[in-house]
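Here the sequence shown is numbered in the working numbering, starting from 1 and rising by one per residue. The next block holds one structure in the form of structure tokens; read it before the comments.
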Amino acid sequence: MTSEVSINERDIIQSLCQSKNVKDIIEHLRELKSILTEIAVSKTTTSAVASYQSHGKVVSEFLKILLENVLDNWYFAFNEPDKQLFESFFFINGILVDSYIVLSTFLLENYNSNNSDNSSDNSFKLNFVINILYKFYQQNYISKLFKEFQNNEFIKIQQQQSNSGNNSNQQQQQQHQQQYNTSILISSSTWDMIIHAICTIPDLISTVRYQSNNNYSSKQSNKQQQHRSIRNEIFEYFLDNKSYFNSVVQQCIDFVNYNVSIKWNNEKTKNLSILSNQISLLFSKMIKLSYKDPIIQVFIKHFNNKYSQDKDKDNLSIDLCAKIIISLQGSSLDSFIESLIRYLPNYKQKNQFIKILFGKIYSNRVESRVIVYVMTNKMVLNKVFDNGTQNVYMDLLAYLFEENGTDGDNELLFNTLQKLLISWSDLYYIRHCTNEQHSSICRYIIYFMKRFLVQINTRQELKNLVLKGVDLHLKSTLGYINVRGMVIAELFSKCFVINDGGEDGSGQLSFTYDLNTPDQQCFSLVFDLPNPINDDGQDDYDNVNNSNNSNSNSNNNNSKKNTKEKDNYIKQMEREFSKYEDPDKPINFDDDDQDDGFQKARIEEIDDDDQNPDDDDDDLVPYNLDDDESDLNPIKKKIYLRDCLLELQSQKHTADSWEVALESISSIVWKNPDDLDDLSETLATSLLHLTNEYEVDNFVSIRHEALVALACQSTQYVVPYLTKAFSMPNFSLAQRVEILDVLADSSKHLSGKDDQSKSVDGNQLQQQQQQDEKHKMFIINKESEKTTATTGTVLRRWGVAKHTRPQPKTNEFHLYAKMFFYPLLQKYDRVTQCYSMDLIGYDSFVLAKLVHTLGVIIECAENSADIRSMSKEFVRFLWSLRSHQDANVRRSLLFAFSRVFFPMSLAAINQDYSAELEEILSWLYNISQNDPDKDTRVMSLAIMSNIVNQKQ
């Protein structure tokens with residue numbers, strides 16, 4: 001059979017390439033379809049597994065010939081049934097995987113070749129491929145493709161089991177095992193190609209549309225215009241990422257429902273593992289490209305609604321969803337769980353499906369360790385949610401704690417609460433965390449202490465951490481920290497009441513505090529879940545964020561007493577002043593007014609004529625008001641750098657000495673003292689960790705000037721420390737932003753591009769012009785004195801006006817450009833184990849600042865020896881962030897692209913970015929047309945016009 005197929009293949013290929021008759025072509029196409037149908041049927045049988053790879057190559061070769069030869073020469077000669085026959089080759093069941101890979105590969109290889117001489121023919125091919133791909137998605141062939149791939153994998157596993165059971169020879173078993181491993185590698189690469197095609201097709205089609213619009217010419221013939229025509233709805237479908245990925249996820253749901261509906265008998269576990277690996281790899285790729293919303297809002301929500309309708313038949317769906325989430329890879333798991341938590345209030349039935357789902361995940365202790373760590377450590381310590389979302393998330397965690405541990409042995413609860421209390425009782429965390437972060441961690445502690453107070457009472461190490469944290473909070477000078485420490489201290493005192501056997505609450509601590517202050521708006525003691533909505537298809541919880549405004553309800557009893565006192569006082573004052581209208585009228589006190597409970601003001605009328613003659617103050621000595629404050633002893637400025645460092649690190653300084661030392665650092669450093677290199681790194685460390693404990697005006701600017709001076713005068717010691725400190729775990733976000741500002745300003749100063757040097761040059765020029773004017777007026781006055789009284793005398797002066805020449809500057813930054821650039825670039829995707837540092841995820845503001853700083857460094861390093869290699873690495877880094885959802889990051893990306901391309905010549909651009917230039921221009925065009933941010937659209941147009949003008 002194989003030889004006959006191979007002979008027929010050669011004959012058909014030669015006939016398709018050499019025939020000049022349409023009827024012969026149609027006849028050969030029918031024969032070819034019968035052969036492909038036979039191959040598709042043979043691939044679904046167990047006996048054909050050994051020839052799977054060869055059959056796949058045969059199918060791919062046939063489809064490529066159809067696209068490269070038949071499509072160009074004969075498609076327009078076909079009638080409508082013949083065209084449908086030609087298109088049906090790509091939808092034959094059994095070869096859908098090969099067909100989709102051939103189409104996507106053809107699109108990938110030819111989308112960038114529209115600028116050639118045969119661009120019209122190539123454009124027609126691309127349009128045909130795009131139409132076929134559109135039918136793949138609209139007619140649910142993607143889900144059929146998933147089923148076909150799963151069936152092929154299942155057949156391979158069965159074949160391997162039969163070979164291993166039938167072969168007694170060890171050598172044959174090893175041979176079959178090697179063949180099986182090879183087939184697994186081929187299948188893995190095939191699925192990777194499918195996933196890559198699904199996730200990159202929108203970008204490729206966007207580029208095709210951009211190039212087709214740019215290459216349009218009114219002189220083209222009608223046939224050529226017909227070649228490049230394609231329906232707008234097809235483009236809109238692929239370019240609308242939301243609808244596109246929603247349809248992909250919907251077909252994944254159909255695929256999962258198909259597996260749930262069939263009966264696998266004894267092979268259920270193997271098929272579930274194949275299915276979960278397929279879907280999880282696809283979802284991981286989508287999450288990395290920032291398309292996680294369809295997964296959460298379509299996939300998870302579908303099974304949540306299905307569970308609410310029929311709880312008895314959905315166990316297999318829960319198993320599948322659990323396996324898919326467990327199989328998510330790398331950083332995509334963190335991003336998925338965070339988005340899922342933020343969407344929890346929108347699910348039905350108070351998240352019963354989500355609770356059972358994560359309970360199923362946690363029951364597999366070995367595979368779910370990463371997920372448990374992310375949920376109980378990263379999300380709790382590093383992320384801040386609104387109060388409604390946090391209430392739902394805490395309810396989910398409490399369900400996991402209760403279902404997977406006993407009262408005395410609940411390690412998950414104790415480990416989570418211990419991590420929370422370690423951070424909450426850390427003095428460094430209290431000083432540097434934001435109000436929202438502190439409110440979030442306090443609410444976690446209060447909720448878990450209320451719900452699991454009996455279990456916590458059995459752990460002495462948790463009690464010690466609470467006592468340490470309460471002591472630090474009560475000693476704090478910040479009001480909101482002090483109040484939250486009181487709340488937790490009141491709740492924690494119940495542990496001692498329980499130990500003493502008290503039930504009436506006697507012995508429990510009680511503080512007086514107010515939770516209605518502005519700094520407590522993010523802090524709420526209401527832990528109720530939002531109210532659900534019964535209508536299907538709508539969000540299941542409404543007014544999720546309304547719990548942020550419930551502080552006034554929880555503290556209503558505390559404020560009633562103060563309100564009554566204020567009202568009583570106002571009434572008494574109104575009654576007092578209503579008794580008289582003239583301010584000089586004496587007041588007559590009634591007996592009824594003596595019972596008001598407070599001392600009233602007594603006003604008496606004064607007669608100026610009846611003054612006491614003894615009230616003469618002539619014998620009093622007046623004060624000397626002409627004090628020139630000469631007896632005061634002001635603190636002198638520091639002269640030595642070591643004295644400033646000791647003053648900042650000492651605990652015995654005063655507020656004035658501390659301020660003088662801080663202000664003296666910048667001037668001392670610019671003088672370049674001998675011990676600068678020895679003290680520069682230590683001094684930079686002290687300045688970064690310095691807090692404004694004395695409320696000094698312009699503290700931030702003074703410290704910034706000192707750090708910039710250190711980075712400029714001791715570059716080899718300070719800059720490596722700053723770049724290393726940016727990714728270290730013991731720095732806050734404010735410190736990291738300060739580091740980036742210092743690096744940007746110091747690079748400007750070293751390269752001579754800073755505003756300060758420009759202002760200095762301007763002042764020097766103005767002073768020189770003033771001196772020239774004074775000298776000119778002096779000469780005129782001298783000449784006028786020498787003139788005679790004769791009228792008509794004319795004085796002539798010869799000379800050339802003198803102008804100051806600009807002073808040449810040395811760009812010292814060229815020596816240190818790589819020292820600034822590469823250390824910042826190498827660790828941008830690392831998530832530090834600190835309180836908040838996730839550039840790829842949550843901390844997009846710091847990421848935008850980092851991109852802007854790197855762009856400034858590239859600008860300052862222009863014309864240096866390493867600028868082209870640095871720019872190449874920088875463009876690769878920027879290109880990986882092009883799909884970011886934050887507008888600030890996109891603005892920073894465009895600023896960075898402008899710093900790279902504006903100074904470059906056309907020859908340098910063509911030499912370094914020939915392969916990427918068209919794709920970059922397509923991306924810029926897409927931003928200029930579709931980006932919601934106006935500044936981003938304007939910046940992209942400016943960069944694109946600059947590049948296009950250079951090409952012209």
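Here a beta-carbon is modelled for each residue, glycine too, at the ideal position from N, C-alpha and C. On a predicted model such as this, the values are computed, not experimentally measured, just so you know.
Among the options, the one whose alpha carbon lies nearest that of residue i
i      : options                        : result
Thr190 : Asn152, Ile205, Thr207         : Asn152
Val900 : Ser104, Ile635, Tyr913, Ser308 : Tyr913
Leu289 : Asp935, Ile198, Phe128         : Ile198
Ser667 : Leu641, Ser650, Thr685         : Leu641
Val526 : Tyr141, Asp386, His473, Phe299 : Asp386
Ala744 : Val696, Ile858, Leu688         : Ile858
Gln297 : Gln278, Asp319, Ser327, Ile337 : Ile337
Ser880 : Leu893, Leu108, Lys360         : Leu893
Ala661 : Pro673, Asp677, Asn672, Leu683 : Leu683
Lys323 : Pro345, Val256, Asn346         : Val256
Ser883 : Thr200, Asp24, Ser143          : Thr200
Gly359 : Glu916, Leu400, Tyr373         : Leu400
Ala846 : Leu648, Gln418, Ala734, Asn241 : Checking the sequence shown, residue 846 turns out to be Val, not Ala. For Val846, the nearest C-alpha among the options comes from Ala734.
Val851 : Val70, Gln826, Leu878          : Leu878
Glu919 : Lys83, Leu108, Phe91           : Leu108
Ile481 : Leu509, Ser425, Phe90          : Ser425
His814 : Ile867, Ile26, Met193          : Ile867
Ser423 : Asp82, Asp675, Phe452, Leu462  : Leu462
Classification of residue i by the beta-carbon crowding that lies within 10 angstroms, buried from 16 upward
i      : result
Arg876 : exposed
Ser727 : buried
Glu439 : In the sequence under discussion, the amino acid at residue 439 is Ser, which differs from the Glu named in the question. Counting Cβ neighbours within 10 Å, Ser439 comes out buried, since at least 16 surround it.
Lys383 : buried
Gly479 : exposed
Ser905 : exposed
Leu862 : First, the amino acid is wrong: residue 862 is Glu here, not Leu. Glu862 should be labelled buried.
Lys748 : buried
Cys442 : buried
Gln713 : buried
Gln251 : buried
Phe146 : buried
Thr723 : buried
Gln138 : exposed
Gly855 : buried
Cβ-based neighbour list, residue i, same chain, cut-off 8 Å, excluding 5 preceding and 5 following
i      : result
Asn415 : Thr376
Arg342 : Phe385, Thr389
Leu344 : Asn351, Ile354, Thr389, Val392, Tyr393, Leu396
Gly485 : Gly469, Val470, Leu472, His473, Leu474, Ser476
Gln649 : Ser686
Asn672 : Gln713
Proximal residues to residue i (C-beta, below 6 Å), its chain only, five neighbours per side dropped
i      : result
Phe235 : Arg209
Tyr717 : Asp677, Ser680, Glu681
Cys644 : Lys638, Ala661, Ser664, Ile665
Val708 : Val742, Asp745, Ser746
Ser844 : Asp886, Val889
Spatial neighbours of residue i in its chain, beta-carbon cut-off 7 Å, leaving aside the 5 residues before and after
i      : result
Ser206 : Leu239, Ser922, Asn926
Phe245 : Met286, Tyr291, Pro294
Leu328 : Ser280, Phe283, Ser284, Phe336
Val249 : Pro294, Ile295, Val298, Phe299
Ile943 : Leu894, Phe897, Ser898, Phe901, Leu924
Val129 : Leu103, Phe106, Leu107
Lys753 : Cys860
Lys301 : Tyr347
Neighbour flag for residue i against chain C, beta carbons, 9 Å
i      : result
Ala865 : The structure shown contains no chain C, having only a single protein chain.
- Cβ contact check for the stretch 102-111 and the stretch 130-148: 3 or more pairs under 8 Å: By the Cβ rule, the stretch 102-111 counts as touching the stretch 130-148, because three or more pairs are nearer than 8 Å.
Notebook entry, point to check: Hey, which unbroken runs of the alpha helix (DSSP H) at 4 residues or more fall wholly within the stretch 704-744?
Noted result: Inside the stretch 704-744, DSSP marks whole alpha helix (DSSP H) runs of 4 or more residues at positions 715-726, from first to last along the chain.
Exercise. In chain order, which continuous runs of the alpha helix (DSSP H) of length 4 or greater are located wholly inside the stretch 454-486?
Worked result: Entirely contained in the stretch 454-486, the alpha helix (DSSP H) runs reaching 4 residues are, in chain order, 460-475.
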